[in-house]
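Engineer:
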Amino acid sequence: MVGVAVNQRNITQPEQIALVKQEFNSITAENDMKPGVIHPKEGVWNWENADKIANFCRQNGIKLRGHNLLWHSQMADWMFYDNKKNLVKKEVLFKRMREHIHAVVNRYKDVIYCWDVVNEAIKDGPARPAFMGGGQDQPLRESTIFKICGNDEFIRKAFEYAREADPNALLFYNDYNECDPAKRDRIYNMVKEMKAAGVPIDGIGMQGHYNIYGPSEEDIEAAISKYEEIVDHIHITELDIRVNQEMGGQLRFSRNEGAVVTNDQKLLQEKKYSELFRVLRRHKAKVDCVTFWNLCDADSWVGVNNYPLPFDKDLKPKNVHTVLTHFDPAIDTQVIKEDFQPCATCQPRQQYPQVNSQGFVRFRVVAPDAKYVICSAGHGGGMGGTVLKKQKDGSWMGTTLVPEDEGFHYYTVSIDGAQVLDPGTNSYYGGSRWQSGTEVPAHDGAFYAERTDIEHGNVQKILFPSKVNGDQLRPAYVYTPAGYGKNPKQRYPVLYLQHGWGENETSWPVQGKANLIMDNLIAEGKALPFIVVMTYGMTNDIVFGQGFNRNKLADDFQKVLVDELIPYVDSHFLTKADKKNRAMAGLSMGGMETHAITLARPETFGSWGILSGGMYTPEEVKDKKVDYIFISCGSKEGPDRIRKAVDDLKAAGYNAESYISEGTAHEFLTWRRSLYQMAQKLFKK
Ligand code: XIL
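Counting the sequence shown from 1 gives a position; the numbering used here is that position plus 60.
1) Is T385 close to chain C, meaning its C-beta is less than 8 Å from at least one C-beta of that chain?
2) Among residues of its own chain, excluding the 5 on either side of N106, which ones have a beta-carbon nearer than 6 Å to its beta-carbon?
3) Would you mind listing the beta strand (DSSP E) stretches within the segment 165 to 200 that are 3+ residues and don't spill past its ends, in chain order?
4) State the CB to CB distance for the pair A660 and L742, rounded to an integer number of angstroms; the pair is presumed to be in contact (CB under 8 Å).
5) With hydrogens ignored, establish whether the beta-carbon of Q267 is closer than 7 Å to any heavy atom of ligand 1.
6) Using a threshold of 7 Å, is the CB atom of V415 nearer than that to any non-hydrogen atom of ligand 3?
7) Just the C-alpha distance for L448 and F423, rounded to the nearest angstrom, thanks.
8) Give the DSSP-derived three-state secondary structure of L406 in the structure shown.
9) Please tell me whether A222 and I122 are closer than 8 Å, where the distance is taken between their beta carbons.
10) Going by CA-CA distance only, name the one from G467, N85 and G193 that's closest to V746.
11) Whole alpha helix (DSSP H) runs in the segment 66 to 102 with 4 or more residues, listed along the chain?
12) Taking the beta carbon of K149 as the centre, do at least 16 other beta carbons fall within 10 Å, making it buried, or is it exposed?
13) Is K344 buried or exposed, if buried means 16 or more other CB atoms sit within 10 Å of its CB?
14) Please state whether DSSP places E202 in a helix, a strand or coil.
15) Relative to the C-alpha of E679, which residue among Y714, S692 and S695 is closest?
16) Assign M192 to one of two classes, buried (16 or more other C-beta atoms within 10 Å of its C-beta) or exposed (fewer than that).
17) Within the same chain, show all residues whose beta-carbon is closer than 8 Å to that of E727, passing over the 5 residues directly before and after it, in chain order.
18) So the candidates are L147, V433 and G195; which of them puts its Cα closest to the Cα of T472?
19) For the candidate residues N354, A712 and L336, whose alpha-carbon lies nearest to that of K347?
20) Span of the alpha helix (DSSP H) holding H632?
21) Could you tell me which uninterrupted alpha helix (DSSP H) segments, each at least 4 residues in length, are contained entirely in the segment 106 to 131, listed from first to last along the chain?
22) Are there 16 or more other CB atoms within 10 angstroms of the CB of E510, so buried, or fewer, so exposed?
23) Using a 10 Å radius around the Cβ and a threshold of 16 neighbouring Cβ atoms, would you call D579 buried or exposed?
24) From K450 to Y736, what does the alpha carbon distance come to, in whole angstroms?
25) Counting C-beta neighbours from all protein chains within 10 Å, is the total for A712 16 or more, i.e. buried, or is it exposed?
26) Taking the alpha-carbon positions, what's the A78 to N91 distance?
27) Would the segment 692 to 709 and the segment 511 to 521 be scored as touching if the rule is three or more Cβ pairs under 8 Å?
28) Given this structure, state the Cα-to-Cα distance separating Y539 from F633, to the nearest angstrom.
29) With respect to 7 Å, is the separation between the Cβ of G309 and the closest non-hydrogen atom of ligand 1 below this value?
30) Just confirm the distance between the C-beta atoms of L299 and Q76, as a whole number of angstroms; I'd bet it's less than 8 Å.
31) Please name the residue or residues paired with H469 in a DSSP beta bridge.
32) List the endpoints of the continuous beta strand (DSSP E) containing T459.
33) Quick one, which of Q520, G419, Y556 and T405 has its alpha-carbon nearest K397's?
34) Tell me which same chain residues have a C-beta within less than 6 Å of the C-beta of N166, skipping the five on either side of it?
35) Within 8 Å, do at least three Cβ pairs link the segment 170 to 187 to the segment 236 to 246?
36) Cβ of N91 versus every heavy atom of ligand 1: is any distance shorter than 7 Å?
Structure below.
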């Protein structure tokens with residue numbers, strides 16, 4: 061069952077009623093059934109709001125949890141005193157308790173199926189230190205009730221009275237900080253001992269007032285495992301996960317006024333929620349009900365700025381809601397093989413990140429004083445990102461929730477919000493900055509393997525003069541095949557190969573492995589030897605949100621490429637300087653540039669390639685005298701439109717081919733494979 065604590069608005073305003081009915085099948089009254097609220101003075105009863113909640117449940121067939129019959133806070137304090145304001149004898153207290161419990165339990169017997177009989181009677185704090193002999197101190201909260209009784213008799217009595225009043229209701233002991241090992245043991249010891257003595261306790265309520273940093277998965281699991289030994293029902297009774305570092309049920313806390321919830325905090329919260337629910341699913345035999353403490357952030361007792369619930373202040377579901385409702389059950393039981401090896405992207409002698417034979421990636425970052433560490437790669441709670449866990453040695457470690465696709469992936473590390481590179485890996489330009497990278501070995505990775513049994517070409521950096529947007533030198537990497545220049549009479553075709561948005565001239569030669577792909581193809585006689593020129597496509601001059609002028613970009617870059625770089629390359633390298641022997645291709649935004657520039661300057665390029673960056677239509681290509689068109693993408697990128705575009709081109713009589721990279725998305729393995737396919741076809745006609 062999934063429950064929600066409700067106030068009066070939640071059950072009277074149509075929009076909120078609809079949400080409650082759609083999302084929840086159990087309700088708890090947030091305040092309206094507490095002793096101090098329902099029974100403020102001897103003989104005075106405020107039934108009205110409690111009745112409304114009970115009727116709402118009756119009418120809508122929603123289960124009702126009773127909360128609560130005895131608590132140190134929001135208590136019917138009059139029960140503790142006589143008319144001279146002196147504490148009463150425990151016999152008087154017990155009589156009043158019994159009358160109260162009987163009245164409330166009887167009134168809602170037909171609809172309330174379980175009661176938090178006693179709330180928060182155990183004290184907080186660590187176990188007794190070793191120098192004082194260790195073990196547990198007096199375990200009870202030193203409340204007024206405790207003072208009247210001097211022992212736990214009031215707890216036993218409350219359960220007995222509740223059982224008398226309703227033999228069918230499930231009776232719970234409910235508390236917060238219930239995963240803290242010291243408090244957990246106090247709760248465990250008390251319930252165990254009472255049950256042995258015949259006190260009718262059916263379940264333990266774990267309030268679940270958590271935060272994005274804790275309690276840890278291990279502590280939650282350990283608490284549930286202990287409680288499971290002694291009761292058959294465990295309810296998470298008051299779940300919320302704050303974005304600050306406080307937890308528990310105390311009424312003094314920071315409401316985070318004025319604070320902005322960061323994306324990191326959102327991810328940490330998604331991770332905490334999803335990790336918690338994975339634990340709960342493992343224990344579903346005894347965990348019957350999870351109740352969120354309030355309907356949405358605007359209702360939350362810890363304040364809207366603590367962002368604690370699956371529904372935001374406007375009742376809209378957050379990503380947390382998706383994480384909790386659209387989880388993959390296979391993940392709960394998956395077994396991760398412990399055959400991790402350092403990634404190929406690791407710097408020399410660095411051991412992390414690592415990858416295993418299934419494609420899981422494991423990160424390790426040393427940051428002993430950090431509050432949190434997140435790697436933006438892989439999947440953690442819900443969306444992208446893997447939240448690392450602090451280890452005893454001060455390092456932080458974490459494994460992706462699911463395997464990564466084969467091939468290369470960029471990531472950065474957030475250490476307390478500072479976006480830094482993982483010192484374990486080499487750096488790769490992407491996202492308009494240097495990033496870290498993981499590499500999951502591809503089953504077909506031999507085509508870019510570093511082979512010692514073949515001749516290799518060269519990649520050299522050139523600087524060419526440019527007048528577009530001011531006088532300057534622009535960079536390009538030029539791949540020349542093995543043996544280039546040995547025979548000055550031998551001239552080569554040229555492929556101008558573009559990177560995507562956020563990348564630069566280093567992306568194809570480094571993460572793209574363009575030179576290795578060419579070396580291997582040429583050595584095996586699968587591709588003609590040709591030159592590959594990889595320059596900066598000016599893509600990062602675009603700032604998102606400030607208007608993306610595709611035409612201006614293509615215009616500027618067209619001048620740089622066609623009017624400046626090509627003449628420079630043709631005059632400095634042994635090129636075949638004609639249309640037939642010149643190709644342009646690009647990935648993603650580089651594909652869009654290719655599209656625009658090849659169509660605008662058809663006299664320059666004979667072969668055209670678009671990799672995950674769009675397509676050509678027969679109308680566009682008409683009269684442009686193109687020799688060869690190559691269009692590709694990953695199978696996870698909606699490949700049907702690519703296939704269709706190529707079918708249309710073929711039907712119109714063009715020499716076009718499509719290629720779909722199996723099992724990959726908008727990422728470099730798609731483009732490495734695409735280059736491998738395309739290079740075999742270029743300049744052969
Ligand atoms: C809270 C309510 O949400 C608040 O509106 C009220 O002011 C104080 O109590 N542990 C419990 C709940 O068992 O009853 C408390 O509810 C939160 C902590």
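By construction, the Cβ of each residue, glycine as well, lies at the ideal position given by its N, Cα and C atoms.
Structural biologist: The short version:
1) Looking for chain C here will not work: only one protein chain is present.
2) Start at 1 with the first residue of the sequence shown, and residue 106 comes out as number 46. Around N106: I98.
3) List check, beta strand (DSSP E) in window: 172 to 179.
4) Working through the sequence shown from its first residue, we reach residue 660 at position 600. Working through the sequence shown from its first residue, we reach residue 742 at position 682. The Cβ separation is near 21 Å, so there is no contact.
5) Working through the sequence shown from its first residue, we reach residue 267 at position 207. Within the cutoff, so yes.
6) With respect to ligand 3, the structure offers nothing, as its ligand set consists of ligand 1.
7) Within the sequence shown, residue 448 is the residue found at index 388, counting from 1. Within the sequence shown, residue 423 is the residue found at index 363, counting from 1. The alpha-carbon atoms of L448 and F423 are separated by roughly 8 Å.
8) Your numbering for residue 406 matches position 346 in the sequence shown. The question names Leu, but residue 406 is Cys in the sequence shown. Correct three-state label for C406: strand.
9) For the purposes of this step, residue 222 is taken as the residue at position 162 of the sequence shown. For the purposes of this step, residue 122 is taken as the residue at position 62 of the sequence shown. No, they are not a contact pair.
10) Because the chain is modelled from 61 through 745, residue 746 falls outside the range shown and cannot be assessed.
11) 74 to 83 and 95 to 98
12) Taking the first residue of the sequence shown as position 1, residue 149 is located at position 89. Exposed: under 16 other Cβ atoms inside 10 Å.
13) To locate residue 344, count along the sequence shown from 1; it is residue 284. K344 is exposed by the Cβ-count criterion.
14) Looking up residue 202 in the sequence shown gives position 142. Coil at E202, not helix or strand.
15) In the sequence shown, the residue the question calls residue 679 occupies position 619. Ranking the options by Cα distance to E679, first place goes to Y714.
16) By 1-based counting over the sequence shown, the position of residue 192 is 132. With fewer than 16 other Cβ atoms within 10 Å, it is exposed.
17) Counting from one through the sequence shown, the residue named residue 727 turns up at place 667. Only D465, G467, F468, H469 and G694 meet the Cβ criterion.
18) Here residue 472 refers to the residue found at position 412 of the sequence shown. Measuring from the Cα of T472, the nearest candidate turns out to be V433.
19) Counted from its first residue, the sequence shown places residue 347 at position 287. The residue asked about is misnamed: residue 347 is Val in this sequence, not Lys. Selected option, being the one with the closest Cα: L336.
20) Counted from its first residue, the sequence shown places residue 632 at position 572. It spans I626 to H632 - the alpha helix (DSSP H) in which H632 sits, taken as one unbroken run.
21) 108 to 120
22) On the sequence shown, position 450 is the one that residue 510 refers to. By the 10 Å Cβ count, E510 comes out exposed.
23) Here residue 579 refers to the residue found at position 519 of the sequence shown. Burial call: buried.
24) Here the question's residue 450 lines up with position 390 in the sequence shown. Here the question's residue 736 lines up with position 676 in the sequence shown. Answer to the nearest angstrom: the Cα atoms are 42 Å apart.
25) As a position in the sequence shown, residue 712 is number 652, starting the count at 1. Result: exposed.
26) Residue numbering aside, residue 78 sits at position 18 when the sequence shown is read from its first letter. Residue numbering aside, residue 91 sits at position 31 when the sequence shown is read from its first letter. One C-alpha to the other measures close to 21 Å.
27) no
28) Sequence index remark: in the sequence shown, residue 539 carries index 479 (1-based). Sequence index remark: in the sequence shown, residue 633 carries index 573 (1-based). The alpha-carbon atoms of Y539 and F633 are separated by roughly 11 Å.
29) Counting from one through the sequence shown, the residue named residue 309 turns up at place 249. Answer for G309: yes, Cβ within range of ligand 1.
30) If you number the sequence shown from 1, residue 299 lands on position 239. If you number the sequence shown from 1, residue 76 lands on position 16. The Cβ separation is near 19 Å, so there is no contact.
31) The residue you call residue 469 lines up with position 409 of the sequence shown. H469 pairs with T498.
32) Counted from its first residue, the sequence shown places residue 459 at position 399. It spans S455 to T459 - the beta strand (DSSP E) in which T459 sits, taken as one unbroken run.
33) Residue numbering aside, residue 397 sits at position 337 when the sequence shown is read from its first letter. Nearest option by C-alpha distance: G419.
34) The count along the sequence shown starts at 1 and reaches residue 166 at position 106. So the qualifying residues of the chain are A225.
35) yes
36) In the sequence shown, counting from the first residue as 1, residue 91 sits at position 31. Yes, ligand 1 has a heavy atom inside 7 Å of this Cβ.
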